[in-house]
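Remarks on the structure that follows.
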Amino acid sequence: MAGDGYKAPGVEDFQFNGGFIPGVDWFNKPLVQAIIAAALVIVLWLIVARNLKIVPSKGQFLAEQLYDMVRNGIARDILGQDFRKYLPYLLALFCFLLVNNWFGIFAPFMFPTFSNIGYAWAFAIMSWLIYNGAGIAKHGFFKYMKNNLIPAGVPIPLLPIIIPIEFLSNFIVRPVTLALRLFANLFAGHLVVLVFVVGGAYLITQGESLFYNVAGGVAFAFSFAIFALEILIGALQAYIFTVLTASYVQTATADEH
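Following the working numbering, the numbering of the sequence shown begins with 1368 at its first residue and continues without gaps.
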């Protein structure tokens, strides 16, 4: 039905050129969402921290469960005794990712911020700087590079082969896969939602027969199931990104590799 005016959703639906400040292309919807998400995370945690009660309210209970999950289930379990210095970043990272991922489900946003790959790159680079900085701070630059480039027990003749492989694996592949995993899951999920919602609505309103109307209704109804799945995927991707960041910090600060 493309000839009748239907245009399938595509990459162009993830591109934004301004719209909030005339003539300023970079001040677009993803940036506004990122600012709103940062404000929400800061304000919500300030409210929770200033109104702690012995018998917690529902909001405090949920915040405590979230804090315990990141503190005990990620930071402490992965990083061990030194987890406290990294806990604020990991908690803020998880909350910020979660809010931005769920923006793709709820009105008036209906767009996951990290389906714009630039934001995924930014946070991957931030985590890259943190875990490499942690390793250098603990071991010193040269020992840290030695730990990451020369595995223990490797024969000297193999070093010209092993060193480039280890460099690519530890310094290039990690941030690239960290960003692409987050971006690809959110981009693909939102694209599927768009296909079912836009296609279903078109078949319902423009279909030339009852068959098209019924098919459109089924597609539109199925989109709600995908929305529910996207809630899970958004939370899972925030969790995975945070866990991998903590894991990379642990690896960088470990005494042996």
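We put the beta carbon where it would ideally sit given N, CA and C, even for glycine. Computed from a prediction, not measured in an experiment: that's the story for all the values here.
- DSSP, read as helix, strand or coil, puts Lys1513 in helix.
- Boundaries of the alpha helix (DSSP H) around Met1493: Ile1484 to His1506.
- Taking a cut-off of 8 Å on C-beta distances, the region 1488-1501 does not touch the region 1418-1438, as fewer than three cross pairs fall below it.
- Annotation for Gly1566: the continuous alpha helix (DSSP H) segment containing it runs Arg1541 to Gln1573.
- With a 10 Å radius around the Cβ and a threshold of 16 neighbouring Cβ atoms, Val1422 comes out exposed.
- Counting only the Cα atoms, Pro1475 lies some 16 Å from Ile1598.
- Counting along the chain, Phe1476 sits inside no alpha helix (DSSP H), nor does DSSP assign it H or E at all.
- Under the three-state reduction of DSSP, Asn1384 is assigned to coil, being neither helix nor strand.
- Inter-segment contact for the region 1574-1591 and the region 1544-1553 is absent: fewer than three beta-carbon pairs are separated by less than 8 Å.
- Residue state for Pro1455 is assigned as helix, using DSSP reduced to three classes.
- The beta carbon of Leu1545 lies closer than 7 Å to those of Ala1491, Ser1494, Phe1608 and Leu1611 in the same chain, with the five residues before and after it left out.
- Counting along the chain, the unbroken alpha helix (DSSP H) around Gly1601 starts and ends at Leu1577 to Thr1620.
- In chain order, Ile1517 place their CB closer than 7 Å to the CB of Leu1526, counting only its own chain and leaving out the 5 sequence neighbours on each side.
- With respect to the 9 Å criterion, Leu1465 and Ala1555 are not classified as neighbours on the basis of their beta carbons.
- Out of Asp1392, Leu1496 and Asn1580, the CA that lies nearest to the CA of Asn1384 is found in Asp1392.
- Counting along the chain, Pro1531 sits inside the alpha helix (DSSP H) bounded by residues Leu1526 to Phe1534.
- Shortest Cα-Cα distance from Val1399 to any of Phe1478, Ala1501, Arg1417 and Asn1439 involves Phe1478.
- Here Asn1468 carries a helix assignment [DSSP, helix/strand/coil].
- Counting along the chain, Pro1397 sits inside the alpha helix (DSSP H) bounded by residues Lys1396 to Arg1417.
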